[in-house]
Structures are given as C-alpha cells and as structure tokens.
Amino acid sequence: MNNRNSALVSFAALAVIAVAPLLPVPARADDVPVAVAANFAGPMKEIAATFAGATGHHAVVSTGATGALAAQVANGAPFEVFLAADATTPARLEKDGLAVPGTRHAYALGRLVLWSAQEGAVDTAGAVLKSGDFAHLALANPKLAPYGAAAVETLEKLGLRTALEPRFVLGENIGQAFQFVGSGNAELGFVALSQVWRDGRFTSGSGWIVPAALHAPLQQDAVLLARGADHAAARALLEFLHGEKAQAIMRSYGYEPAVEAVGAVAR
Amino acid sequence: MLSHADTQALLLTLRLAAVTTAILLVLATPAAWWLARTRSRWQAPVSALVALPLVLPPTVLGFYLLVAMGPHGPVGALTTRLGLGLLPFTFGGLVVASVVYSLPFVVQPLQNAFAAVGQGQLDAAATLRAAPLDTFLNVVLPLARPGYLTAGVLGFAHTVGEFGVVLMIGGNIPGATRVASVQIYDHVEALEYAQAHGLAACLVVFSFVILLLLYGSRHVRAVRP
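Line order of the protein sequences matches chains Z and E. Converting from the first sequence to my numbering requires adding 10 to each position, the first position being numbered 1. Converting from the second sequence to my numbering requires adding 192 to each position, the first position being numbered 1.
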C-alpha cells in the first residue's frame, strides 16, 4: 500500500466510523435515569435487574462520585433518582430546589472494615492496628469521602490516630483506597465492607468489621430529583429499595438496609 | 467476551474520536495557518490560549466546561438562545468538550508543518498566477501532509484516551455518553475486573492497529520520498 492510499484508507475508516449508526439504544417510556454513588454500583446492578423483573420499569444507571454527580444534577443532568454515598449531598440538592422535598430518606447503611488482601493478616478484633506490623495503612481521603472520615474517627476512638498517621496512604475515594490494599501495595486498609463481602463472608483476604459504635453511621440517602417528580416509575424505584428483594441484595453485599430510618416515600 | 454495553461504549468512543478529529482538522487548518504566517502582535497570546487545555487537569477542565455549558453558564445561555438546548450529557456536548480538550494536539503539528513551507514556493506559485486557494490545495497541503498525519493521529488518540472530561460532561449515561474509558472505570468500581480487562484489551489493540496503519503510511513516505 503506498503512503497516499494508506492514509486515505485510514481517514476513510474514520469517516465510516463517524457516520455509522450506533447500536440501537432501547428507549422506553418507563426508563428511569438514576445517578448512583460508585460504591453502590455492584448492588445497584442486581437491584436494577430485579426491579425490571418485578415492575417492567428499567433503571438506567449512571455511576460516579457523589460530589461529581451532584454537580451534574445542578447543571441539568437528566437524572430522576439519586442514590448518594452520604446524607448531606441529597439534603443540599433538596435545599437548592433540585430534589423533591419529602422524598429524601436513607436506603442503606455502609459498614467499615479493616481489611488485608492476605489471609490471616487481620485478626477478628483489629489488634493488628496496635501491633503495628505494617508499613502502609490505606484509607479514603477523610476530607472527601465518608468512609475515610469514619476510618479516622475509629482510629481516634482507639487512640491510635497520631501514632498511625505517618503510615496513611490516602485514596481519592473508597475505590482507590481498595485498590491500594487489593493490589497488596498497602498491607492494611480501611475499606467498605461491600467491596470485600459477598453472601456472608469475605471474598478473599482477612478483615475486622469495625463495630458501628466506633464511628458515625455511614448513612447513604436517596432522593427523588426534580426531573422525576411526575414520573411514577421513578417513585416506584425509590420504594423498591425498601422491598424485601432489594434489601436481601444489599445485605449480601455487606450493607445494612436502613429500614428503621425510613419514612414513607411521599406520593 | 464483550457485553452489549461494552460494544456500545467502544463504538461510541470511536465515533466520538472520529467526529472530533474531523472537526478539529477543519477548524485547526485556518487557525494553524494564521498562527504560522501572521506577524500580528496577537500571535503569541493566541498561541498561548490554544495551549491552555494542556494546563488544566481533565476533571477540572471538565468541571468548568460543565459550568460554562450548563443552564447558568455563558455557553449554555448561548446554545439555549440558538435553540440548541443544553450541551452537557449529550453526544454533541462530548464533541464540543473533546474539541477543546484535544485542540493543541491538532493545531500545533499543523502550525509547525505550515511554518516549514518555504516562502519561496508560495512566491513561485503566486508568480505563476495561482490563486491563493489553488496554492493552498496544490502546494501547501501536499507539503504539509506529514503534519496532517501527526495531527490526526494525536487528535484521535487523545480523544480515545479521554476520561476526566467526558465523565464530567457526559454524566456516564449508557448508550448516550458512556464511552469505553468510562465503561472500564465503571467495571473497576463495581469490581468486575474480568470485564474491565477485556474491554481495556480491545481498546488498546484496536488503537494500536489504527496507529500502526497511520504511522506505517508515514514510514513508507520516508523510505520513498
């Protein structure tokens, strides 16, 4: 192939790609665009499938960091339901008139776990923190991520914060903190139980589930966004989160369904 | 190996990169020509402006584009007035953001290529009464072809590799704005490593083939001038 032809072929290929139709996107009247905090991506996928089976409505899931999703909602993102990783962001959206008042409620409580990718490295009481036999302790940035703040609070309660602070490695979010530990670069780390727990046990490694009394509850709130105010399917999804099926999925992922904290979803 | 959503994300990425590259080559040609030829005192400030997207981290650039193109931003006000609606969370929005993000990668190779065209050749063409457009199409373009190749490759590759900007502007909406890089991020966040690896491998292999084609054509040129 000479140079002119080869370049022509390449650019022709680009042109074909540019105008080729995308695979058909099924667009249905009962699609519910839902913004989901990245830490809840796994369970949400299963919940969406169950929701579709039970109601015929389809949750179209977009995941991201809670703060980034909120910025997108404020700038016109087409989401109708928001499942945040904290309680403050949905409250702020409601205050700013971007969410429907009275629809905000907890859907899940996250659990913090001290975890290592190595079997037997973490005892079931977290004593390894005091023995100090590790070089790095991974956690999410406490300024940005609720799980990071909960980890620091736990260490403070245990009186270990000052001693261990020089060994902190901070992830931008809980996903990155998990990657630090999961890849073995940090021997220990505070991660979300949902990242290492499936069906009643650790998927790998070893961990200490931090007693809930050691930190403020990791409450995750959901809210109906202004765009979904008149959409019955969006409200149905919010209600579905409290149903038996959704809660069983959450539990299998290491979340505690926030049943007791729930008020009825306003109709 | 790839799910329907993965294929969709891959195609969307290629479509975005192709459209962005095409628009950039068209927009950058007059801009680079002007930058390469002008003696205006605005040359330096405009050059600096074109290079600015390199300075901001992509998520930061994405955030400001989101605000500017949103309902309260100047670009958003303009597009609403023009009846185009708001750009964020649409394919059009991704294209606009990608054009801004990849602009320096296309303008600068073209600018260098145009600057390397000798004034003598342009004068000769003018002496032979070639119209300016004629000169551009038949003298400048053939001489600047390597520059176009580099510009096209860089613009395309840079857009394929975009993450921070498209995540912010696109909102990660399946089928509409979820490109391959974002889909890989989604898989990683959901701890679906097998799917993430598969899609990443496809993206890398495909991009390698495209780059190989383009660079191969350039190599042939070097051997047979």
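All C-beta atoms, glycine included, are put in the ideal place defined by N, C-alpha and C.
At a cut-off of 4 residues, the continuous stretches assigned as alpha helix (DSSP H) that sit fully inside the region 266-291 of chain E are 266-273. In the displayed model, residue 146/Z falls within coil according to three-state DSSP, outside both helix and strand.
The beta carbon of residue 186/Z lies closer than 8 Å to those of 150 in the same chain, with the five residues before and after it left out. In this structure residue 193/E is exposed. Its beta-carbon is surrounded by fewer than 16 other beta-carbon atoms within 10 angstroms. Around the beta carbon of residue 234/Z, 16 or more other beta carbons sit within 10 angstroms, so the residue counts as buried. Along the region 61-76 of chain Z, the positions whose C-beta sits under 7 Å from a C-beta of chain E are 70, 72, 73, 74, read in chain order. Annotation for residue 263/Z: no beta strand (DSSP E) segment contains it, and DSSP assigns it neither H nor E. For residue 141/Z, the uninterrupted alpha helix (DSSP H) run begins and ends at 138-141, by DSSP.
In the structure shown, residue 319/E adopts helical secondary structure according to DSSP, grouped into three states. Proximity of the region 369-388 of chain E to the region 315-331 of chain E falls short of the contact definition, fewer than three beta-carbon pairs being nearer than 8 Å. Residues of the region 194-219 of chain Z whose Cβ lies closer than 7 Å to any Cβ of chain E, in chain order: 205. In the DSSP annotation of this structure, the continuous segment of the beta strand (DSSP E) that includes residue 43/Z starts and ends at 41-47. Any Cβ of chain Z closer than 8 Å to the Cβ of residue 386/E would place that residue at the interface, and such an atom is absent. Counting only Cβ-Cβ distances below 8 Å, residue 262/E has contacts in chain Z at 84, 85, 86, in chain order. The secondary-structure analysis by DSSP pairs residue 212/Z across a beta bridge with 207/Z.
Identification of residues in the region 348-374 of chain E having a C-beta nearer than 8 Å to some C-beta of chain Z yields 348, 359, 360, 363, 364, 365, 366, 367, 368, 370, given in sequence order.
Listed as beta-bridge partners of residue 218/Z by DSSP are 124/Z.
Its Cα nearest to that of residue 293/E, the residue 209/E stands out among 197/E, 209/E, 204/E, 203/E. Here the alpha carbons of residue 63/Z and residue 127/Z stand approximately 36 Å from one another. In the three-state reduction of the DSSP assignment, residue 73/Z falls in the strand class, which pools E and B. One finds 82, 85, 86, 87 in chain Z with Cβ atoms closer than 9 Å to the Cβ of residue 280/E, taken in chain order. Your pair residue 230/Z and residue 120/Z checks out as a contact, with CB atoms roughly 6 Å apart and the cut at 8 Å. Closest option to residue 390/E, judged by alpha-carbon separation, among 297/E, 242/E, 373/E, 404/E: 373/E.
Note: residue 116/Z is bridge-paired with 231/Z in the DSSP secondary-structure output. Residue 180/Z: member of the beta strand (DSSP E) spanning 178-181, first to last residue. Across the set 335/E, 317/E, 300/E, 366/E, the C-alpha of 300/E shows the shortest separation from the C-alpha of residue 346/E. The criterion of a C-beta distance shorter than 8 Å is not satisfied by residue 91/Z and residue 162/Z.
Below 8 Å, enough C-beta pairs join the region 281-290 of chain E and the region 246-261 of chain E to call them touching: three or more. By the 16-neighbour rule on beta-carbons within 10 angstroms, residue 204/Z is buried.
Under a 10 Å Cβ-count criterion, residue 106/Z is classified as exposed, with fewer than 16 other Cβ atoms of the shown protein chains found around its own Cβ. The contact set of residue 43/Z on chain E, defined by CB atoms closer than 8 Å, consists of 365 in chain order.
Per DSSP, residue 201/Z lies in no alpha helix (DSSP H) segment; the continuous beta strand (DSSP E) that holds it begins and ends at 198-202.
Within the region 307-336 of chain E, no residue places its CB atom closer than 9 Å to a CB of chain Z. Of all alpha-carbon atoms in 252/E, 253/E, 277/E, the one lying nearest the alpha-carbon of residue 264/E is that of 277/E. Beta-bridge pairing by DSSP links residue 92/Z to 45/Z, 233/Z. Between residue 258/E and chain Z, the shortest Cβ-Cβ separation is below 8 Å.
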